[in-house]
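Sequential numbering from 1 applies to the sequence shown in UniProt numbering.
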Amino acid sequence: MLITIKRIKGLGVFGDFTAPADLPAFARYNIIYGENGSGKTTLSRLFAALEAGAHADYADLEYMIESQSGALSAGQRYGRKVRTFNADYVEANIGQFHGPLRHILIIGEANKTLAEEAAGERATYDERSRAIAAAERAAEKLEAEKGKVFSAIAKTIGEATSGTNLRSYRKPNAEADFARARDLAPLLDAQLKAHRATVHQEQLECVGMPVLPLQPGDPARPFADVAAALRVEIVALLARTAQAGALRRLVEEPMIARWVEEGVTLHRAHNSDHCEFCAQPLPEARMAVLAEHFGVEDQRLKADIERTARNTRNLLDGVAALVFPAKTSLYAELRADYETAVEMAERCRTALVDQIDAAAAGLDEKLLNRATAYARDIAIDPKPLTAALATLAAVIERHNRKTEGFEREKAEARTQLQRHYLSTIVDQVRDLNAQIAVQKTIGTKLTDGAVDLPDPRSLQALKDSFEAKQAKVSSEHAGGAALTDKLKIFLGRTDLRFEAGAEGYLVQRRGKPAKRLSEGEKTAIAFLYFIVQLGDQDFNTKEGVVVIDDPISSLDAASIYQAFAFLKNAVKDVKQVFILTHNFDFLKLLLNWVQNFKKTDKAYFMVVCAEADECRNASLKPLDALLLDHPTEYCFLFKLLHGFKSDGTILASYHIPNVARKVLETFLDFHRPYEASLHSKLEEIDFDPHKKTAIYKFANDLSHSTGKGFDPALVSETQKNVTYLLEMIKAVSPLHYNGLEKLAGPR
1 MLITIKRIKG LGVFGDFTAP ADLPAFARYN IIYGENGSGK TTLSRLFAAL
51 EAGAHADYAD LEYMIESQSG ALSAGQRYGR KVRTFNADYV EANIGQFHGP
101 LRHILIIGEA NKTLAEEAAG ERATYDERSR AIAAAERAAE KLEAEKGKVF
151 SAIAKTIGEA TSGTNLRSYR KPNAEADFAR ARDLAPLLDA QLKAHRATVH
201 QEQLECVGMP VLPLQPGDPA RPFADVAAAL RVEIVALLAR TAQAGALRRL
251 VEEPMIARWV EEGVTLHRAH NSDHCEFCAQ PLPEARMAVL AEHFGVEDQR
301 LKADIERTAR NTRNLLDGVA ALVFPAKTSL YAELRADYET AVEMAERCRT
351 ALVDQIDAAA AGLDEKLLNR ATAYARDIAI DPKPLTAALA TLAAVIERHN
401 RKTEGFEREK AEARTQLQRH YLSTIVDQVR DLNAQIAVQK TIGTKLTDGA
451 VDLPDPRSLQ ALKDSFEAKQ AKVSSEHAGG AALTDKLKIF LGRTDLRFEA
501 GAEGYLVQRR GKPAKRLSEG EKTAIAFLYF IVQLGDQDFN TKEGVVVIDD
551 PISSLDAASI YQAFAFLKNA VKDVKQVFIL THNFDFLKLL LNWVQNFKKT
601 DKAYFMVVCA EADECRNASL KPLDALLLDH PTEYCFLFKL LHGFKSDGTI
651 LASYHIPNVA RKVLETFLDF HRPYEASLHS KLEEIDFDPH KKTAIYKFAN
701 DLSHSTGKGF DPALVSETQK NVTYLLEMIK AVSPLHYNGL EKLAGPR
């Protein structure tokens, strides 16, 4: 059962309602009173919306209702069926009575067992349908979660492979690539970094290989062979000597020997017989000794040393001039390896240059000391440098291969990045797919049936079975007969009846389609149709909720009692009942009916609409004690006038003339019962004639029953005329007034 309404928002005049602390809990029978326009029908629409959890006319509807099965809120379906009689029901089911009324299927007594079987199968069908729908929703939710996983990874892949501004990789691409991929595994950090760099790179030019100098005239001879041969040659030269009879001093003083040798060469070249230094004649004997010292073999050795020294210097210049390309000419991911290789090559080159330089210095020394033989181990080892250059060349080769196949390299980098990031969601997608498969299996099992289900039949077989049984036990003719019988009792005549046709019930008057039905007849037909429909096969009264809003609209006094009688019998077995009315006489019938019920089985409420600056706000409150404890609404209406304070708006004043007229009529009926009209009764009252005229005009001319409408110009007169009326009652019957005032409370 429903326990209480905690909050309503966005439901017409119930713009933002929060239940007051003194609002009683709902009971099995709930009676709700309210004036016309106070919001009763709007409240009934809330009850009508509970089954679906929403109302088509109120898209922003919010509510919080406590029930025995838990809290109910917008978007949440109520587990019990709710049948609501209100203006919306009349419009949806009865309309303007231009066409047939929908059939009501009534179960015959002889087929109740079959009907129970059909109901059980229908319950199983409904339960299975809900479970299938739940499984489908769960699968859809899981699919949505999986979609989010693919959307997120597609965004990551798109940004990694093409950048945020040029993203072309989307969720469908990720799903398709994931479905095709096999053996997905994440990349190492270095690989990931390299591939990310590749996809964002621009193509670079190929880079030339650094080349060591080759032997002049013999470009095919490797540098290592040249260096090895030079080493052997230098070692041999250092060991040679051609001066067996050499002058001791020249041997001991290499600088003097060089000076003397150059002098001999100059004198010989200039055919001079005098010393150019001291201008003395050159002794022949001395010249002969010097010629022997600087003999042919010595000159040959000198020439060999000078030639080898030149070759050594050339080799040294070539190694020193070796150029390494700038690291910025290579792709970013190769630069670290390249820089390491260059550093090693530089160290090896420096070591080789030092070795060659040392060998050249040895030759220079030998040139000055040709008469001395040296046994030295000359170290010229090019292997470390050639190995370092090979490593360097391998890095450059990687660069050049990438340049030559740049687009292919880029495409491969994109593929590897895609596979890397797709590998990060393998477990997540596998888990979601497993959960989706479980839900689909549940749905398939419940749809197709299975031996381990309480009823192994398929969903369609269940539907076919209970529909066939319903067709056997239900009769639309029984519904038409019940309507006709009840209408005869309700109206007290037999001229109207319901005939069952193929499309529904046709209302006939004396065998012909009924036309120009009175408002009372329409109300009676609509209400009786609702009452009979409570007994159809789609509604279980013992488990359902029934809401009835003003079933006596447009009915005469006699029909009100008939409506009450039908209502009382129709809802006696209903799980929970809500009855709303604006009619005080009908309210009293309802209150008297439930008077002897258990206190816990009944609850009383009223809908009150307060006027704000630009809107009307309805609220649900406990029923006013004046309505509950007094046989007429006179005391309650007096309380409304007694507590009225005008704010100068039509909204606040609109209902007051009607209230004033009812109070005036009731008061005068007791004090001047023998006068015929309201005006004549008022004229006989001993009170200020000007004020009586104002009271009459206000209560008579502005009350809605006259049809004249409310004059906005008299808004400012409302408070004054209410005051005049209260003054008149007090003046004519002070004891009566004091009693009413005591009930109403202070103003």
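Even for Gly, the Cβ is constructed at its ideal location relative to N, Cα and C.
Judged by their CB atoms, Arg370 and Leu315 are not nearer to each other than the 7 Å cut-off.
Scanning its chain for C-beta atoms nearer than 8 Å, with the 5 sequence neighbours on each side dropped, one finds around Gln439 the residues Ala135, Glu136, Ala138, Ala139 and Leu142, in chain order. In this structure the region 19–37 lies against the region 582–602, because at least three pairs of beta carbons, one per stretch, are closer than 8 Å. For a cut-off of 8 Å, the C-beta gap from Leu385 to Ala341 is around 12 Å, too long to register as a contact.
Shown here, Leu496 sits in a strand according to DSSP, grouped into three states.
Note: Ser646 is not bridge-paired with any residue in the DSSP secondary-structure output. At the C-beta level, Ala731 and Phe687 come within 7 Å of one another. Between Asp22 and Pro456, the C-beta spacing is not below 7 Å. Boundaries of the beta strand (DSSP E) harbouring Ser67: Glu62 to Ser67, taken from the DSSP string. In the three-state reduction of the DSSP assignment, Pro622 falls in the strand class. Judged by beta-carbon spacing, Arg414 lies beyond the 7 Å limit of Thr156, meaning their Cβ atoms are not closer than that value. Gln576 is bridged by DSSP to Val545. Rounded to the nearest angstrom, the gap between the Cα atoms of Ala152 and Ser168 is 14 Å. Shown here for Leu628: same chain residues with a beta carbon closer than 8 Å to its own, the five before and five after excluded, namely Leu591 and Tyr604 in chain order. Annotation: the region 123–199 contains the following complete segments of the alpha helix (DSSP H) (minimum length 4 residues), in chain order: 171–180 and 189–199. Of all C-beta pairs linking the region 419–431 to the region 181–190, three or more are shorter than 8 Å, placing the two stretches in contact. Residue pairing of Asp16 in beta bridges, as defined by DSSP: Lys9. Under the 10 Å beta carbon count, Met255 is surrounded by fewer than 16 other beta carbons and is classified as exposed.
Assignment of Ser653 by DSSP, reduced to helix, strand and coil, places it in the helix class. Here Ile380 is near Arg231, since their CB atoms are less than 7 Å apart. Taken atom to atom, the span from the alpha-carbon of Ala320 to that of Ala332 is near 28 Å.
Sequence-distant partners of Arg170 (beyond 5 residues in either direction) whose C-beta falls short of 6 Å from its own C-beta, in its chain, are Ala154. Straight-line spacing of the CA atoms in Pro172 and Gln418 works out to 13 Å.
Boundaries for Ala224: no beta strand (DSSP E) harbours it, while the alpha helix (DSSP H) harbouring it runs Phe223 to Ala239, taken from the DSSP string.
Distance from Lys81 to Phe539 at the Cβ level is roughly 6 Å; contact confirmed, criterion being Cβ atoms closer than 8 Å.
Per DSSP, the beta-bridge partners of Pro281 are His274.
Here Arg672 has Lys681 and Glu684 as same chain residues with Cβ atoms under 6 Å from its own Cβ, once five neighbours each way along the sequence are excluded. If you draw a straight line from the Cα of Ala27 to the Cα of Ile3, it is about 7 Å long. Shortest Cα-Cα distance from Asp536 to any of Ser129, Gln719, Met1 and Arg83 involves Arg83. Within the same chain, Cβ atoms closer than 8 Å to the Cβ of Leu487 are found at Leu496, Arg497, Phe498, Ala524, Ile525 and Leu528, the five residues on either side in sequence being excluded. Counting along the chain, Ile695 sits inside the alpha helix (DSSP H) bounded by residues Pro689 to Tyr696. At least 7 Å separates the beta-carbon of Thr723 from that of Ser653. Looking only at Glu543, Lys327 and His200, the smallest Cα-Cα distance to Glu339 is reached by Lys327. The C-beta distance from His399 to Leu334 rounds to 5 Å, short enough to fall under 8 Å. Cys278 counts as exposed, since fewer than 16 other C-beta atoms from the protein chains shown sit within 10 angstroms of its C-beta. Residue state for Pro384 is assigned as helix, using DSSP reduced to three classes.
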